[in-house]
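Just add 609 to wherever you are in the sequence shown, counting from 1, and you've got the numbering used here. The beta carbon of each residue, even a glycine, is placed where N, CA and C say it ideally should be. As the structure is a computational prediction, the values presented were derived from the model and not from experiment. Encoded as structure tokens, the structure appears first; notes follow it.
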Amino acid sequence: MNTTNNSNATAFIHPEAKIGKDVVIGPFTYIDKGVEVGDGTWIGPSATLFEGARIGKNCRIFPGVVIAGIPQDLKFKGEMTTAEVGDNTTIREYVTINRGTSYANKTAVGSNCLLMAYAHVAHDCILGDHVILANNVNLAGHVEVGDWAILEGLVAVQQFIKIGQHSFIAGGSLVRKHVPPYVKAAREPLSYAGVNSIGLRRRQFKTETINEIQEIYRILFVKGYSTSHALEIIEDSLEPTQERDSILNFIKSADPGIMRGFQQLNGKNLDED
Numbered sequence: 610m611n612t613t614n615n616s617n618a619t620a621f622i623h624p625e626a627k628i629g630k631d632v633v634i635g636p637f638t639y640i641d642k643g644v645e646v647g648d649g650t651w652i653g654p655s656a657t658l659f660e661g662a663r664i665g666k667n668c669r670i671f672p673g674v675v676i677a678g679i680p681q682d683l684k685f686k687g688e689m690t691t692a693e694v695g696d697n698t699t700i701r702e703y704v705t706i707n708r709g710t711s712y713a714n715k716t717a718v719g720s721n722c723l724l725m726a727y728a729h730v731a732h733d734c735i736l737g738d739h740v741i742l743a744n745n746v747n748l749a750g751h752v753e754v755g756d757w758a759i760l761e762g763l764v765a766v767q768q769f770i771k772i773g774q775h776s777f778i779a780g781g782s783l784v785r786k787h788v789p790p791y792v793k794a795a796r797e798p799l800s801y802a803g804v805n806s807i808g809l810r811r812r813q814f815k816t817e818t819i820n821e822i823q824e825i826y827r828i829l830f831v832k833g834y835s836t837s838h839a840l841e842i843i844e845d846s847l848e849p850t851q852e853r854d855s856i857l858n859f860i861k862s863a864d865p866g867i868m869r870g871f872q873q874l875n876g877k878n879l880d881e882d
């Protein structure tokens, strides 16, 4: 074991755990066999890292956090899987991150993420970098969340749902369909509420790029076309760009489909599939 000089005497650290340099481990924390913790990480009191936890460098793990608990999945048969957390990620009080099943063999949270208190990340979820889950967000199994996505408090996401990069989901939302990149999503049932232009500007997206994204979603959600017709129009009328292609690829691969536009939900779609 590569031990640290900053662990509290009341903490339990298994002899086969791998602890990096300058790691601080608070009192009554439990670190299981085979756990790996990167350099410079701070682990507060009464945290639990079970076998399979893989923690990056310079993370902050607050009291009551449980990482790599076995999946809450009746199909799980005890296979060896992991729960991985990238560098510079903060995990606040009582967050739970279950490890994967044989389906994906891991649950993964990216780098520079913030998971606020009481969030739950179920088995086989994959979170990108710079993701924010606010308080009490609950992700069911196999959810994928793209880079820079923000889920406000009390959002609940159904299993196998994909949430696109740079998207924003309003607090209290129930997410039953895929949420494409760069959008704001709100209302019940969840629907398109505009492009996440504020977030994109903060991340230095150019005005012309934001305008292009807005035009794509006007065609897709506002003008009353069916999804298949809208995709044809977008491909025919707009030049290929990284943003255009990421939106098209996301929607084409979305099963059971993406969320709808607000007009579509209210019976105003003029071109039904």
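Q: Leaving out five residues on either side along the sequence, give the residues of the same chain with a beta carbon under 7 angstroms from the beta carbon of Thr-818.
A: Within the same chain, Thr-818 has close Cβ partners Glu-852.
Q: Tell me, to the nearest whole angstrom, how far the beta carbon of Ile-825 is from that of Leu-809; I am working on the premise that it is less than 8 angstroms.
A: With 8 angstroms as the limit, Ile-825 and Leu-809 do not qualify as a contact, their Cβ atoms being about 13 angstroms apart.
**Q.** With 16 other Cβ atoms within 10 Å as the buried cut-off, status of Glu-761
**A.** When all chains shown are included, Glu-761 counts as buried.
Q | Among Val-674, Arg-669 and Gly-833, nearest to Ala-656 - alpha-carbon criterion | A | It is Val-674 whose Cα lies nearest to the Cα of Ala-656.
Q. Which partner residues of Trp-651 appear in the DSSP bridge assignment?
A. Looking at the DSSP assignment, Trp-651 forms a beta bridge with Val-633 and Arg-669.
Q) If you drop the 5 nearest sequence neighbours on each side, which residues of the same chain put their C-beta closer than 6 angstroms to that of Trp-651? A) Cβ-Cβ distances below 6 angstroms link Trp-651 to Val-633 and Arg-669 in the same chain, with the five nearest sequence neighbours on each side left out; the list follows chain order.
Q. Span of the alpha helix (DSSP H) holding Tyr-712?
A. Tyr-712: not part of any alpha helix (DSSP H); DSSP gives it neither H nor E.
**Q.** Gly-629 versus Ile-706 - alpha carbon distance
**A.** Gly-629 and Ile-706: Cα-Cα distance of roughly 21 angstroms.
Q. Buried or exposed: Ile-807, going by 16 or more other Cβ atoms within 10 Å of its Cβ?
A. With fewer than 16 other CB atoms across the displayed protein chains lying within 10 angstroms of its CB, Ile-807 is exposed.
Q: Under the assumption that Ala-758 contacts Asn-744 (Cβ atoms under 8 angstroms), give the Cβ distance between them as a whole number of angstroms.
A: Contact flag wrong, Cβ pair sits at about 16 angstroms.
Q: Please report the residue range of the alpha helix (DSSP H) in which Ser-846 lies.
A: Note, Ser-846: alpha helix (DSSP H), 836 to 846.
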